[in-house]
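Protein chains: 2
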Amino acid sequence: METLKSYVQEHKNRFINELIELLKIPSVSADTAYHQHIITTANAVKASLEKAGCDFVEICETPGNPIVYGEKTIDPTLPTVLVYGHYDVQPADPIELWTSPPFEPVIKKTEIHPEGAIFARGSCDDKGQMYMHVKALEYMIQSNTLPCNVKFMIEGEEEIGSNSLAWFVERNQEKLKNDVILISDTGMISNQQPSITTGLRGLSYVEVEVTGPNRDLHSGLYGGAVANPINVLSKMIASLHDENNHVTIPGFYDKVEELSVEERAEMAKAPFNLENYKKSLDLNDIYGEKGYVTNERNSIRPTLDVNGIWGGYTGEGAKTVIASQAFAKISMRLVPNQDWEEITELFTQHFINIAPAGVKVKVKPHHGGQGYVTPTDSIGYKAANKAYTETFGVPAIPVRSGGSIPIVALFEKELKSKTILMGFGLDSDAIHSPNEHFGIFNYLKGIETIPLFYKYFVEMSK
Amino acid sequence: METLKSYVQEHKNRFINELIELLKIPSVSADTAYHQHIITTANAVKASLEKAGCDFVEICETPGNPIVYGEKTIDPTLPTVLVYGHYDVQPADPIELWTSPPFEPVIKKTEIHPEGAIFARGSCDDKGQMYMHVKALEYMIQSNTLPCNVKFMIEGEEEIGSNSLAWFVERNQEKLKNDVILISDTGMISNQQPSITTGLRGLSYVEVEVTGPNRDLHSGLYGGAVANPINVLSKMIASLHDENNHVTIPGFYDKVEELSVEERAEMAKAPFNLENYKKSLDLNDIYGEKGYVTNERNSIRPTLDVNGIWGGYTGEGAKTVIASQAFAKISMRLVPNQDWEEITELFTQHFINIAPAGVKVKVKPHHGGQGYVTPTDSIGYKAANKAYTETFGVPAIPVRSGGSIPIVALFEKELKSKTILMGFGLDSDAIHSPNEHFGIFNYLKGIETIPLFYKYFVEMSK
Numbered sequence: 001m002e003t004l005k006s007y008v009q010e011h012k013n014r015f016i017n018e019l020i021e022l023l024k025i026p027s028v029s030a031d032t033a034y035h036q037h038i039i040t041t042a043n044a045v046k047a048s049l050e051k052a053g054c055d056f057v058e059i060c061e062t063p064g065n066p067i068v069y070g071e072k073t074i075d076p077t078l079p080t081v082l083v084y085g086h087y088d089v090q091p092a093d094p095i096e097l098w099t100s101p102p103f104e105p106v107i108k109k110t111e112i113h114p115e116g117a118i119f120a121r122g123s124c125d126d127k128g129q130m131y132m133h134v135k136a137l138e139y140m141i142q143s144n145t146l147p148c149n150v151k152f153m154i155e156g157e158e159e160i161g162s163n164s165l166a167w168f169v170e171r172n173q174e175k176l177k178n179d180v181i182l183i184s185d186t187g188m189i190s191n192q193q194p195s196i197t198t199g200l201r202g203l204s205y206v207e208v209e210v211t212g213p214n215r216d217l218h219s220g221l222y223g224g225a226v227a228n229p230i231n232v233l234s235k236m237i238a239s240l241h242d243e244n245n246h247v248t249i250p251g252f253y254d255k256v257e258e259l260s261v262e263e264r265a266e267m268a269k270a271p272f273n274l275e276n277y278k279k280s281l282d283l284n285d286i287y288g289e290k291g292y293v294t295n296e297r298n299s300i301r302p303t304l305d306v307n308g309i310w311g312g313y314t315g316e317g318a319k320t321v322i323a324s325q326a327f328a329k330i331s332m333r334l335v336p337n338q339d340w341e342e343i344t345e346l347f348t349q350h351f352i353n354i355a356p357a358g359v360k361v362k363v364k365p366h367h368g369g370q371g372y373v374t375p376t377d378s379i380g381y382k383a384a385n386k387a388y389t390e391t392f393g394v395p396a397i398p399v400r401s402g403g404s405i406p407i408v409a410l411f412e413k414e415l416k417s418k419t420i421l422m423g424f425g426l427d428s429d430a431i432h433s434p435n436e437h438f439g440i441f442n443y444l445k446g447i448e449t450i451p452l453f454y455k456y457f458v459e460m461s462k
Numbered sequence: 001m002e003t004l005k006s007y008v009q010e011h012k013n014r015f016i017n018e019l020i021e022l023l024k025i026p027s028v029s030a031d032t033a034y035h036q037h038i039i040t041t042a043n044a045v046k047a048s049l050e051k052a053g054c055d056f057v058e059i060c061e062t063p064g065n066p067i068v069y070g071e072k073t074i075d076p077t078l079p080t081v082l083v084y085g086h087y088d089v090q091p092a093d094p095i096e097l098w099t100s101p102p103f104e105p106v107i108k109k110t111e112i113h114p115e116g117a118i119f120a121r122g123s124c125d126d127k128g129q130m131y132m133h134v135k136a137l138e139y140m141i142q143s144n145t146l147p148c149n150v151k152f153m154i155e156g157e158e159e160i161g162s163n164s165l166a167w168f169v170e171r172n173q174e175k176l177k178n179d180v181i182l183i184s185d186t187g188m189i190s191n192q193q194p195s196i197t198t199g200l201r202g203l204s205y206v207e208v209e210v211t212g213p214n215r216d217l218h219s220g221l222y223g224g225a226v227a228n229p230i231n232v233l234s235k236m237i238a239s240l241h242d243e244n245n246h247v248t249i250p251g252f253y254d255k256v257e258e259l260s261v262e263e264r265a266e267m268a269k270a271p272f273n274l275e276n277y278k279k280s281l282d283l284n285d286i287y288g289e290k291g292y293v294t295n296e297r298n299s300i301r302p303t304l305d306v307n308g309i310w311g312g313y314t315g316e317g318a319k320t321v322i323a324s325q326a327f328a329k330i331s332m333r334l335v336p337n338q339d340w341e342e343i344t345e346l347f348t349q350h351f352i353n354i355a356p357a358g359v360k361v362k363v364k365p366h367h368g369g370q371g372y373v374t375p376t377d378s379i380g381y382k383a384a385n386k387a388y389t390e391t392f393g394v395p396a397i398p399v400r401s402g403g404s405i406p407i408v409a410l411f412e413k414e415l416k417s418k419t420i421l422m423g424f425g426l427d428s429d430a431i432h433s434p435n436e437h438f439g440i441f442n443y444l445k446g447i448e449t450i451p452l453f454y455k456y457f458v459e460m461s462k
């Protein structure tokens, strides 16, 4: 343990600089214009795994972005840990809100990160958290303490639905065979209170298009006489929630699991301060589904949010036009038992049904994934908890997250093994937002904690 | 009359080429990036007035875009006609929907314009219609038939609210003194059936901003727990109309004049084919305020339309984000007696009132103008009707238009004279839309008809 701590201290500057180099490559998967950077990043990840000590690393071509696969086998009779992460990142826009360029990483101190945090797109989600595992392997190889076999699968489409990963996993079940899957792509409660994510929400993401007249029209000559696609789209979106902020799509809640009073009471124990929450977001009030509190609304309840909307004249000044078309990107976060393909179909049918005469409506499914819940009595969970307890001095709290990692459900289905979500980020790290950052403390703590997971997992597996 | 016809025939190619040169200058007033082209266009208009025979022309500086003023005085005791027009144009976007570049005019034949039409932004609204008056003056000077004095006032801010024109008119009442104001910035029913616009709608144009959290958020971690500005904006916009498509803003209809059954019966006489109307716009149905037909909805009734909306991620692919802000440009067409500043205030108050907790709302008034109705028994109206009757072979029909020319009400207030709206465009000319065009037939017919207005107006004024 001491050697681990001292190794991290001794090499921390190099660990930070290596991550900074990786963060400089704008591997945005949502925009094909960045494709070359995707390839460059995959190659950089491959090189880092070879350097860390994998004895076999390859870049696997897929129908989409390549997947980096690596492995280190010390004894086939020992357990195997499969590490999953992703090297692609969210788009950086709105770029003008970044206080420093998203792909020119800088270290700045913040109230929550007095030791400094690395500001860059992908610093936390997920390049930084993925790279902790590479450095943890480096340590275990260098110190001769790797207690089992390890495999790495680092993909480049997590932010756009992991379609190629599903394709890859289905075709490589033998190659990916493992005893536990380890992922750091979630957060923890605070730097003083670690937590392990035991639940994830599913996702259904669609794009809708409302078409009225066959061309943009003069709002004076036609205003009031034809359906305005923007007004109609607004009306349709508004109708997707009722006055209690329940989603109105027929059948949407049919398979939603209702938690017991006991389970909700257990959840309520997680430290949460509503005033600080509102203050951190400059909100005069919260908002959400009636009958549930904030920590339930963003974890155990399904939601529907518009992620983008556009139509008509959006330039400087005024244009008196009725647009021919209006568009929106809409996503639904789903909870365990809701099937994302079924929900996508329910949404599509409903959205087409509520379209008024005078417009045509198209719904284009983007991607989706299932929700997931993991038990807290598995060896993997216990090993992770023991590792956190040792490095943070307090046990981890099990938490249901509102985020989605669609492939976790896929792994259980295809690879028949459980996933342990060891997250080291914080909600305040602004992932998917301008000024995303990852604390130096969190980065190094992760590198320290991961080898302990290997140690205890192998011990408990005996 | 014959000499007029033959003069137009003889010089028509030059008339067309001169207009095409003017249309090549992208004088978009809504976007300051085009300011230099605004200046270039003003200078071109000035030169054309001097060439046509004005004995005094000047470019008048204003707080905004310059106004071109010109005059030809033959005898101070004779009546004076003031011609108004505008040299600025609407933005061309969506640029990708133009079949030829908006500022590279080309002549193409269409079903309605077998003799060809000039396709270019501003060809009809209003460079083409304004330029008819310049060429009509040229004819009257050349043929020595100008029967009275004439003044020209051509502005560069009509498409953004004519703010500087109001400023200019208030300060130059003596200079602009006239007996009748002549404007060609409206349309007529068809090339076989001329019409004179006797009513215009007023306008109130605002931009709204809804702000939720202080930064873009991850829709998984925050989805369902905070107000989503796009969902909220959609809800607020949807609530601005009730189930009968009446506008719900308190007081909105208080001053609206209700037309008598007789007046509505008179309006219903104007030729209109609903099937052709729907077909021309590819609409499976029309849409609008309950209790009124299409030709009433777009003329005698006030309306509210969203002209543009934007917020969140609108790029390629998917981004699971909750935007910090959402925006919309909203305009209301008003009818006589509705005061645009009062309506703007009513909208602003209402929109702020309906904002739910969890968001902040801002309303920024853009511009506006009053509606207008002109009598059909004035000398000006009669002279115009006689001129149309002579060139088209049938009398013109009085029509209430849905469009707005805010300055018409201003002229009556400041200059105490009536405006005659002699329009030669067609609704199908796609003004404010991609592929705006103006028929060669209409352009030349206008040049033929205008001198007859002067003739009869002076005769009847004796």
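Which chain is which? The protein sequence lines are B and H, in order.
Quick note: the first sequence uses full-length UniProt numbering, first residue 1, plus one each step.
Quick note: the second sequence uses full-length UniProt numbering, first residue 1, plus one each step.
C-beta atoms are modelled at their ideal positions from N, C-alpha and C, and glycine is treated no differently.
Residues that residue i contacts on chain B, provided the C-beta gap is smaller than 8 Å
| i | result |
| --- | --- |
| Asp282 of chain H | Pro213 and Asn214 |
Within chain B, partners of residue i - CB distance below 7 Å
| i | result |
| --- | --- |
| Asn228 of chain H | Asp305 and Val306 |
| Tyr388 of chain H | The premise fails here: Tyr388 of chain H is roughly 20 Å from chain B at the closest Cβ pair, so nothing lies under 7 Å. |
One or two residues paired with residue i in a DSSP bridge
| i | result |
| --- | --- |
| Ser29 of chain B | Ser29 of chain B pairs with nothing; no bridge assigned. |
| Ala270 of chain H | DSSP lists no partner for Ala270 of chain H. |
| residue 463 of chain H | In this structure chain H extends from 1 to 462, so residue 463 of chain H is not present and cannot be described. |
| Pro398 of chain B | B:Ile196 |
| Leu233 of chain H | DSSP lists no partner for Leu233 of chain H. |
| Ile420 of chain H | H:Leu182 |
| Phe152 of chain H | H:Gly70 and H:Val83 |
| His437 of chain H | H:Phe119 |
| Thr303 of chain H | H:Arg333 |
| residue 533 of chain H | Here chain H covers residues 1 to 462 and nothing more, so residue 533 of chain H does not appear. |
| Gly425 of chain H | H:Gly187 |
Residues of its chain near residue i, where Cβ-Cβ distance is below 7 Å and the 5 sequence neighbours each way are ignored
| i | result |
| --- | --- |
| residue 510 of chain B | Residue 510 of chain B falls outside the range modelled here, since chain B spans only 1 to 462, and no answer is possible. |
| Thr62 of chain B | Ser164, Trp167 and Phe168 |
| Ala387 of chain H | Thr449, Leu452, Phe453 and Tyr456 |
Where residue i meets chain B, residues with beta-carbon distance less than 9 Å
| i | result |
| --- | --- |
| Gly371 of chain H | Near Gly371 of chain H there are no residues of chain B at all, since even the closest Cβ is about 11 Å away, more than 9 Å. |
| Asn231 of chain H | Ile237, Ala238, Leu240, His241, Leu304, Asp305 and Val306 |
Residues of its chain near residue i, where Cβ-Cβ distance is below 6 Å and the 5 sequence neighbours each way are ignored
| i | result |
| --- | --- |
| Glu155 of chain H | Ile67, His86 and Leu165 |
| Ser428 of chain B | Ile112 |
| Gln210 of chain H | Note that residue 210 of chain H is Val in the sequence shown, not Gln. Closer than 6 Å at Cβ, skipping near neighbours: Pro229, Val232, Leu233, Ala326, Val359 and Val361. |
| Gln90 of chain H | Glu159 and His432 |
Neighbour list for residue i in chain H, Cβ cutoff strictly below 7 Å
| i | result |
| --- | --- |
| Gln90 of chain B | Lys319 |
Contact set between residue i and chain H, taken where Cβ atoms lie within less than 9 Å
| i | result |
| --- | --- |
| Arg121 of chain B | Correct list: empty, because the minimum Cβ distance to chain H is about 12 Å. |
| Asn244 of chain B | Near Asn244 of chain B there are no residues of chain H at all, since even the closest Cβ is about 13 Å away, more than 9 Å. |
| Trp310 of chain B | Gly308, Ile309, Trp310, Gly311, Gly312 and Thr314 |
| Thr32 of chain B | Glu316 and Gly317 |
Contacting residues, own chain, Cβ-Cβ under 8 Å from residue i (five flanking each side not counted)
| i | result |
| --- | --- |
| Tyr37 of chain B | The sequence given here places His at residue 37 of chain B; Tyr does not occur at that position. Excluding positions up to five away in sequence, the list reads Ile25, Pro26, Ser27 and Val28. |
Chain-ordered neighbours of residue i on chain H, where CB pairs are closer than 8 Å
| i | result |
| --- | --- |
| Ser184 of chain B | Residues of chain H passing the Cβ test: none, with the nearest at roughly 16 Å. |
| Glu289 of chain B | Gly224 |
| Ser433 of chain B | Arg215, Asp216, Leu217, His218 and Val321 |
Worksheet item: Does the segment 409-421 of chain B come close enough to the segment 179-192 of chain B that 3 or more CB-CB pairs lie under 8 Å?
Response: Counting Cβ pairs under 8 Å, three or more are found: they touch.
Item to complete: Kindly provide the ranges of any alpha helix (DSSP H) runs that are 4 or more residues long and lie completely inside the segment 172-230 of chain H, ordered along the chain.
Response: 219-222, all fully within the segment 172-230 of chain H.
Fill in: Minimum length 4: unbroken alpha helix (DSSP H) runs contained in the segment 311-396 of chain H
340-353 and 379-392
Practice prompt. Indicate whether the contact test is met: 3 or more Cβ pairs, each with one atom in the segment 295-305 of chain H and one in the segment 254-271 of chain H, closer than 8 Å.
Written response: yes
Discussion item. At 3 residues or longer, what runs of the beta strand (DSSP E) sit wholly inside the segment 91-139 of chain H?
Written reply: 106-108 and 117-119
Discussion item. Please give me, in chain order, every unbroken run of the beta strand (DSSP E) with length at least 3 that falls completely inside the segment 31-55 of chain H.
Written reply: none
Discussion item. Quick check: the segment 313-328 of chain H against the segment 305-316 of chain B, are at least 3 beta-carbon pairs closer than 8 Å?
Written reply: yes
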